[in-house]
Amino acid sequence: MKKWIHLTILIMAIFLESVVAQNGLIPAFPLQKDEMTLKRIAQPGVPFNKGGRQFGILGEESGSFEAWAYPLKLFRNFEFSFYLKNSTRPLRSADLIHSIEVTPAATTLTYSYQSFTVRAIYVTPVDKPGAVIFLKVDSTEPLSIVCSFLPVLQPMWPAGIGGQYAHWSDNLKAYVISEPTR
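Structure, rendered in structure tokens:
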């Protein structure tokens, strides 16, 4: 159980090249096209998942999901909100969902609005405990993207861990969900 004591969630975003360079994120790169691609208009409320043997994203095509590092549920109710320019009113991802594209390697949800398109590309390795969400953003005006979720850190079976806490780590550039060691 000690390997689960300190869990870290990394969500990486790739924006425009100028933003990438300023924030020290990895540079944008082309994703490989796959011949086995299914694409259709998204249907909010219909389930989608992207998972491997050690990690899973389970959600709805509206974009809301929960994340599991088996056997722990890390968080739930993850969703994106979009803010144009200096707006204080969020545009919820569930209201902007347009399409879903599924390949063996990734699942892509596309959000569209009159001045931007955001493609959230979910990748979960088959044999590694983790996932990455790449964001491809095309916008004609300044756009801020905020992700929100509720930390859970709860096992699959009915047993409590107790004393969970969550915080942002500037050193890791990641959101940390953990519990005190016993």
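First residue of the sequence shown: -2, per this note's numbering; consecutive thereafter. The C-beta atom is built at its ideal place from N, Cα and C for all residues, glycine as well. Predicted, not measured: the structure shown is a model, and the values here were computed from it.
(request) Just the C-alpha distance for L69 and P152, rounded to the nearest angstrom, thanks. (result) Within the sequence shown, numbered from 1, the residue matching residue 69 stands at position 72. Within the sequence shown, numbered from 1, the residue matching residue 152 stands at position 155. Going from the Cα of L69 to the Cα of P152 covers about 4 Å.
(request) Go to L93, then tell me how far its beta strand (DSSP E) extends in each direction, as first and last residue. (result) As a position in the sequence shown, residue 93 is number 96, starting the count at 1. No beta strand (DSSP E) holds L93; the alpha helix (DSSP H) holding it covers 90 to 93.
(request) Tell me where the beta strand (DSSP E) around Y172 begins and ends. (result) What you label residue 172 is simply residue 175 of the sequence shown in a count that begins at 1. Taken as a continuous stretch (DSSP letters only), the beta strand (DSSP E) holding Y172 covers 171 to 175.
(request) Just the C-alpha distance for V143 and L81, rounded to the nearest angstrom, thanks. (result) Here residue 143 refers to the residue found at position 146 when the sequence shown is read from its first residue. Here residue 81 refers to the residue found at position 84 when the sequence shown is read from its first residue. Each residue's Cα considered, the two are about 11 Å apart.
(request) Sort out for me which residues DSSP pairs Y67 with in a bridge. (result) As a position in the sequence shown, residue 67 is number 70, starting the count at 1. The partner list for Y67 (beta bridge, DSSP) is empty, contrary to what the question assumes.
(message) On a Cα-Cα basis, can you pick out the residue from W154, T114, K47, D92 that is closest to P122?
(response) If you number the sequence shown from 1, residue 122 lands on position 125. When only C-alpha atoms are compared, the closest one is K47.
(message) From the DSSP secondary-structure annotation, give me the bridge partner or partners of F77.
(response) Here residue 77 is taken as the residue at index 80 of the sequence shown, counted from 1. Beta-bridge pairing links F77 to C144.
(request) List the whole-angstrom C-beta distance separating F45 from T105, where the pair is believed to meet the contact cut-off of C-beta under 8 Å. (result) Within the sequence shown, numbered from 1, the residue matching residue 45 stands at position 48. Within the sequence shown, numbered from 1, the residue matching residue 105 stands at position 108. Contact flag wrong, Cβ pair sits at about 10 Å.
(request) Name, in chain order, the residues that DSSP records as bridge partners for F135. (result) Residue 135 sits at position 138 when you count from the first residue of the sequence shown. A quick correction: the sequence has Asp, not Phe, at residue 135. Per DSSP, T114.
(message) What does the Cβ neighbour count give for G42, buried or exposed, with the cut at 16 atoms within 10 Å?
(response) Here residue 42 is taken as the residue at index 45 of the sequence shown, counted from 1. Exposed is the call here.
(request) Give a yes or no on contact between the region 118 to 132 and the region 48 to 61, applying the rule of three or more CB pairs nearer than 8 Å. (result) Cβ pair count under 8 Å is three or more, so yes.
(request) Could you spell out the range, first to last residue, of the beta strand (DSSP E) harbouring F261? (result) With the chain represented from -2 up to 179, any question about residue 261 goes unanswered, as that position is not in the structure.
(message) Buried or exposed, going by whether 16 or more other CB atoms sit within 10 Å of the CB of E32?
(response) As a position in the sequence shown, residue 32 is number 35, starting the count at 1. Taking every protein chain shown into account, the CB of E32 has fewer than 16 other CB atoms within 10 angstroms, so this residue is exposed.
(request) Please report the Cβ distance between L71 and L132, rounded to the nearest whole angstrom; I am assuming they are in contact, meaning their Cβ atoms lie under 8 Å. (result) In the sequence shown, the residue the question calls residue 71 occupies position 74. In the sequence shown, the residue the question calls residue 132 occupies position 135. 20 Å between Cβ atoms; not a contact.
(message) Counting only C-beta atoms, is R37 closer than 8 Å to chain B at any point?
(response) Included in the structure is just one protein chain, with no chain B present.
(request) Please determine, among I94, A128, P101, G127, the residue with the shortest C-alpha to C-alpha distance to R116. (result) The residue labelled residue 116 in the question sits at position 119 within the sequence shown. Of I94, A128, P101, G127, the residue nearest in Cα terms is I94.
(request) Could you name the residues that DSSP lists as bridge partners for N46? (result) Stepping through the sequence shown from its first residue, residue 46 is reached at position 49. The partner list for N46 (beta bridge, DSSP) reads L55.
(message) Using the Cβ count rule (16 or more neighbours within 10 Å means buried), how would you classify Y108?
(response) In the sequence shown, the residue the question calls residue 108 occupies position 111. Counting Cβ neighbours within 10 Å, Y108 comes out buried, since at least 16 surround it.
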